[in-house]
Amino acid sequence: MGGPIAELFINIHLSGAIQMVLLGFIGGVLSGFIGSGGAFFMTPGMMNLGVHGVVAVASNVTHKFGKAMIGSRTHTTMGNVDKRLAFFMLITAAAGIRLAVWIMSTLFQSGAGDHGGASGATADLYISIVFVAILTVVGLSMLKDVFGKENGQTGPSTKIVDFLRGLHLPPVIHLKVADARVSLWILLLGGLATGYMAGTIGVGGFIGVPAMIYVFGVPTAVAAGTELYLAMFMGAFGALNYAWEGYVDIRLVLLLYLGSLLGIHLGTYGVKVVSEKVIRLVTAVIILLCVMSRAIAIPMYLRQINVLAMDAGWDVYLNGASKALLFLSGIAGCSAILYYVIRAYLQRKKVHCSISESVGPERANYSLHAKGVAV
Amino acid sequence: MAVVVISSVDERARRELAECLAKKLGCESISREQMIERATEAGIPLGKLEMAVVKGSTSWERLARAKVRYLAFIMRAVSEWAMKGNVVYHGRSSHMFFQGIPHAFKVCVVPDSEARLRHTMERLNLDWEKAGDYLRKLDEDMENWAHFLHGVALTSPEHFDVVLNLKNMSIQSASAFLCSMLQSPEFQPTPASLAALKSLWLAAQARDRLMRDERTGWADLNVTAQGRRITTTYMPGQSRVAQEIPAVLSDLEGADDLVCTMATTNILWVAEMFDPSAPLYGQIMDVARRWGAAVEIMRFVAPSEETKGEPCAGPEITPDACGIGHVPVPKTLDSTGGIHDDNEEEGQGEDGGLAVTAERLIENNVFGGASTMSGRTDGLASVVRSDHRYSLVVVGDVFTSKSPSIRVRLKREMAGMLRERITVPVITGEELQERFLFGKRQLTQLLVFAAAAVVLFLVVFTYQEPILHFLAGPEWKGWRILATAGVALCVPLFAYFYGGASGLIFKLLKFR
Chain D
71 MGGPIAELFI
81 NIHLSGAIQM
91 VLLGFIGGVL
101 SGFIGSGGAF
111 FMTPGMMNLG
121 VHGVVAVASN
131 VTHKFGKAMI
141 GSRTHTTMGN
151 VDKRLAFFML
161 ITAAAGIRLA
171 VWIMSTLFQS
181 GAGDHGGASG
191 ATADLYISIV
201 FVAILTVVGL
211 SMLKDVFGKE
221 NGQTGPSTKI
231 VDFLRGLHLP
241 PVIHLKVADA
251 RVSLWILLLG
261 GLATGYMAGT
271 IGVGGFIGVP
281 AMIYVFGVPT
291 AVAAGTELYL
301 AMFMGAFGAL
311 NYAWEGYVDI
321 RLVLLLYLGS
331 LLGIHLGTYG
341 VKVVSEKVIR
351 LVTAVIILLC
361 VMSRAIAIPM
371 YLRQINVLAM
381 DAGWDVYLNG
391 ASKALLFLSG
401 IAGCSAILYY
411 VIRAYLQRKK
421 VHCSISESVG
431 PERANYSLHA
441 KGVAV
Chain E
1359 MAVVVISSVD
1369 ERARRELAEC
1379 LAKKLGCESI
1389 SREQMIERAT
1399 EAGIPLGKLE
1409 MAVVKGSTSW
1419 ERLARAKVRY
1429 LAFIMRAVSE
1439 WAMKGNVVYH
1449 GRSSHMFFQG
1459 IPHAFKVCVV
1469 PDSEARLRHT
1479 MERLNLDWEK
1489 AGDYLRKLDE
1499 DMENWAHFLH
1509 GVALTSPEHF
1519 DVVLNLKNMS
1529 IQSASAFLCS
1539 MLQSPEFQPT
1549 PASLAALKSL
1559 WLAAQARDRL
1569 MRDERTGWAD
1579 LNVTAQGRRI
1589 TTTYMPGQSR
1599 VAQEIPAVLS
1609 DLEGADDLVC
1619 TMATTNILWV
1629 AEMFDPSAPL
1639 YGQIMDVARR
1649 WGAAVEIMRF
1659 VAPSEETKGE
1669 PCAGPEITPD
1679 ACGIGHVPVP
1689 KTLDSTGGIH
1699 DDNEEEGQGE
1709 DGGLAVTAER
1719 LIENNVFGGA
1729 STMSGRTDGL
1739 ASVVRSDHRY
1749 SLVVVGDVFT
1759 SKSPSIRVRL
1769 KREMAGMLRE
1779 RITVPVITGE
1789 ELQERFLFGK
1799 RQLTQLLVFA
1809 AAAVVLFLVV
1819 FTYQEPILHF
1829 LAGPEWKGWR
1839 ILATAGVALC
1849 VPLFAYFYGG
1859 ASGLIFKLLK
1869 FR
């Protein structure tokens, strides 16, 4: 490849393609398992493989569009989609995406520093900082949720919902499927934040789903289904915007699909056989490892834009360490999920017991016999 | 043996009617309020639960376990009373506890709104307007409560046997009317309805005990009973509970058989005739194994043409020697509408293959319960709708006494009616293969999808440089609309073809 295209898109060799498919596979497994997209893993992973941040986000958003289109169909048939909620959120989500695309394009076109930095280092730094900030909050909140839950209370906290309901901000929208009442202004604000995050780091779900559950008071299943439905439109809008700007690398999108659409089936199976606490714990640990991986790369971008005085030779080590940590977290997470899937499959046996009267009519004489039971 | 359940939004109206009726019948009257007191004493956070329902839906989710505990507690108590003999129970949505028990007389009482308002004004010392506002809010909260507990509207008439409007009727007249109604053959206990009550009672005992025991109280269990057999299903993520269930239920009175099945979800198979050697059995087993689902079988017996329009001569039971249950066709359509089962004698009677199919499902580790229901198809919708555990309903061989062409039409209509009324996907046995299993059609689809995905992939990678130039190169800037449209078209197409092919591969590997 030559010309300006060569500066924007990477050359893909066999090893790069395999790594990209592997990224997609791990992202797919995590996506199926967590139910909230695997872009938090794939976006930094692509950046570690040398893809510009803006191209990584653009390709990820486009990849998510097709995936959400298929996934939301299943959720719609299961009655987990509140289309009214999605509609109101989409109004401002579109504005959020447009804002994100504009910021990214401006930063990317502002170019690199004059100290041997790669073009787009400013955009890469911006993406990394947003990524680290948001996902640190998400990861720590999940960990707090895992270890700080009172006994017998399995659902989400309602403190924010109760507070906002107390404010009585008209007009209030009745969400029929979710069976909740939310102020339009809160919905619009939630949509804007979700759209902005989806357009910036490709993980709008990490804002959208918690917002729906903790701020709007929507049941978890409906929040996940509606987010996927919303992601289809946000992904389409984001993909069109990024494609219009010329940042979508269609080859990367197809390679990601090769892995993700296989991995998502395994991840989804994992959800059914692993307890909710373990799901949250595994997710939180993977997210925090991804955050650390991205944080390691930040000094590299700071040097490239001439903010940090550091030997350029360190770039290779920082990028290598970031890449190794990311793949380590992804592979470890995937292995843990696959372990649970296989273990559950092997355990899938039943108990068939007979409580028979062995001595006399008194209850004390009843005994338990197992008939070829495997527990 | 009369079991009367009275539901009303007005506590005074239902209490007065229940007490008057109980006096006439010479039995005990039990109120929801007494149950609430006992539940609170038993440590169920009912106040929190009610407040959560009043506040909004998210708290419901948070307190889901408290709801299950409360329902298990109250079901045990009311079914215990009903088993003992004559009882009148009154509450807000008490009729929902006895759905499927034909001889339980379910009464809805519509209070005289003016009398209710006046009483509220006196009791709370409020003016007309404030009392009206108060009652409107109260009714709304009660509606939410019924929706939360049973997933139904409080006054849906389909769940009642009779609706009484007290505007022009005194309590005395209403109770006399109910007494005379209770003499009708439809509300007399039959071997089938008593067996159904006993199953309800046994399941309630088991559920309550499992919820209260710390060894099993933490798990999400589904408990049903049929005859003397208890069936429990538990989630795969909670498999360690399986070791505890037999110990917890070991000395449960009335139970002598326990089946514990690990299941991610439940498939409901509705049919009039079950045949474990038929292809449909194998197909349902196949889907159940792939999904990690338990299969619940429900025998549905539609009223025959001969019985339609005949005068009510009382339910005619044809006892048989089947262990799981045979339910007679009722003489009139209106006297039907519940899950029945029959006598408890063991043996192989004319039960439509229910018992033998249940045994086969147990052998294959996927048994999720068995029941029988007779009546109209809308009654079936009511029973299925009140229970949201299923992820698929399969309609098998029904209306078997009809000619093949009529059978096909009625079956299609029944599936259509169920689809309209319940949120769970409903398919016929014929559609099962096509939708969830791998056959020749799926193989062709797989090959087409895979070929299309490969072609798209090869085109993109063979011509990657010109394609990238077209998508992002400055020389093609004027064609950006076409480039954007190309991305918008190509990406979902590849996702559709490749996603479809990969899904079919997982289906082929029985891993979906």
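Protein sequences appear in the order of chains D and E. The first sequence begins at 71 in our numbering and counts up one residue at a time. The second sequence begins at 1359 in our numbering and counts up one residue at a time. Cβ atoms here follow ideal geometry from the backbone N, Cα and C, with glycine treated the same way.
{"Asked": "C-beta neighbour in chain E for D:His122, strict 8 Å", "Found": "no"}
{"Asked": "DSSP three-state assignment for E:Met1454, whether helix, strand or coil", "Found": "helix"}
{"Asked": "Under 8 Å between C-beta atoms of E:Leu1522 and E:Val1467", "Found": "yes"}
{"Asked": "In DSSP terms, what E:Leu1522 is bridged to", "Found": "E:Val1467"}
{"Asked": "Under 8 Å by beta carbon: chain E residues contacting D:Arg350", "Found": "Those do not exist, as D:Arg350 stays about 12 Å from chain E at its closest Cβ, beyond 8 Å."}
{"Asked": "Within chain D, partners of E:Gln1392 - CB distance below 8 Å", "Found": "Going along chain D, no residue has its Cβ under 8 Å from E:Gln1392, so there is no contact; the nearest lies around 25 Å."}
{"Asked": "Sheet register partners of E:Gln1584 (DSSP bridge)", "Found": "E:Arg1587"}
{"Asked": "Chain E residues whose Cβ lies nearer than 9 Å to that of D:Lys153", "Found": "Ordered by position in chain E, no residue passes the 9 Å Cβ test against D:Lys153, which lies about 15 Å from the chain."}
{"Asked": "Reduced DSSP secondary structure (H/G/I, E/B, other) of E:Trp1576", "Found": "coil"}
{"Asked": "8 Å Cβ cutoff, E:Ala1853 in contact with chain D", "Found": "yes"}
{"Asked": "Whole-angstrom C-beta distance between E:Phe1855 and E:Ala1810, which should lie under 8 Å", "Found": "4 Å"}
{"Asked": "From D:Ala379, D:Gly265, D:Ile271 and D:Ile243, residue whose alpha carbon lies closest to that of D:Ile199", "Found": "D:Ile271"}
{"Asked": "Under the three-state DSSP convention, the category E:Asp1633 falls into", "Found": "coil"}
{"Asked": "Whole-angstrom distance between E:Leu1790 and D:Ala391, CA atom to CA atom", "Found": "51 Å"}
{"Asked": "Beta-carbon gap between E:Thr1574 and E:Ile1603 smaller than 8 Å", "Found": "yes"}
{"Asked": "Segment limits, beta strand (DSSP E) that includes E:Asp1368", "Found": "Unbroken run through E:Asp1368: none, as it is neither H nor E."}
{"Asked": "Buried versus exposed, by CB contacts within 10 Å (16 or more), D:Glu297", "Found": "buried"}
{"Asked": "Short Cβ contact (8 Å threshold) for D:Leu258 with D:Phe158", "Found": "yes"}
{"Asked": "Nonlocal neighbours in the same chain, by C-beta distance under 6 Å from D:Leu336, ignoring five residues either side", "Found": "Val99"}
{"Asked": "For E:Ala1504, the three-state DSSP class (helix, strand or coil)", "Found": "helix"}
{"Asked": "Where E:Ser1538 falls, given that 16 or more other Cβ within 10 Å makes a residue buried", "Found": "exposed"}
{"Asked": "Euclidean distance between Cα positions of D:Gly94 and D:Met302", "Found": "18 Å"}
{"Asked": "Coil, strand or helix - E:Val1445 by DSSP", "Found": "strand"}
{"Asked": "Length of the line joining the Cα atoms of D:Arg251 and D:Ala263", "Found": "20 Å"}
{"Asked": "Rounded Cβ spacing between D:Phe276 and D:Met267 (contact assumed at less than 8 Å)", "Found": "7 Å"}
{"Asked": "Close-in-space but distant-in-sequence residues of the same chain around D:Leu84 (CB under 6 Å, 5 per side omitted)", "Found": "none"}
{"Asked": "Beta-carbon neighbours of E:Ser1860, restricted to chain D and to distances below 8 Å", "Found": "Leu331, Leu332 and His335"}
{"Asked": "Residue burial classification, E:Lys1769 (beta-carbon count within 10 angstroms, cutoff 16)", "Found": "buried"}
{"Asked": "Contact check, E:Cys1618 vs D:Ile320, beta carbons under 8 Å", "Found": "no"}
{"Asked": "Alpha helix (DSSP H) runs contained entirely in the stretch 1526-1567 of chain E, provided each spans 4 or more residues", "Found": "1529-1540"}
{"Asked": "Inter-residue Cα distance where the pair is E:Ala1600 and E:Arg1565", "Found": "14 Å"}
{"Asked": "Straight-line Cα distance separating D:Leu155 from E:Gly1733", "Found": "40 Å"}
{"Asked": "Integer-rounded CB distance, given that D:His122 should sit under 8 Å from D:Tyr327", "Found": "Not confirmed; about 20 Å, so no contact."}
{"Asked": "Ranges of the alpha helix (DSSP H) found wholly within the stretch 82-142 of chain D, counting only runs of at least 4", "Found": "84-104 and 109-118"}
{"Asked": "Beta-carbon neighbours of D:Ile407, restricted to chain E and to distances below 9 Å", "Found": "Under the 9 Å cutoff, chain E gives no residues; its nearest Cβ is about 13 Å from D:Ile407."}
{"Asked": "Whole-number beta carbon distance between E:Ala1473 and E:Tyr1428, since they are thought to touch under 8 Å", "Found": "No, E:Tyr1428 and E:Ala1473 are not in contact; Cβ-Cβ is about 31 Å, not under 8 Å."}
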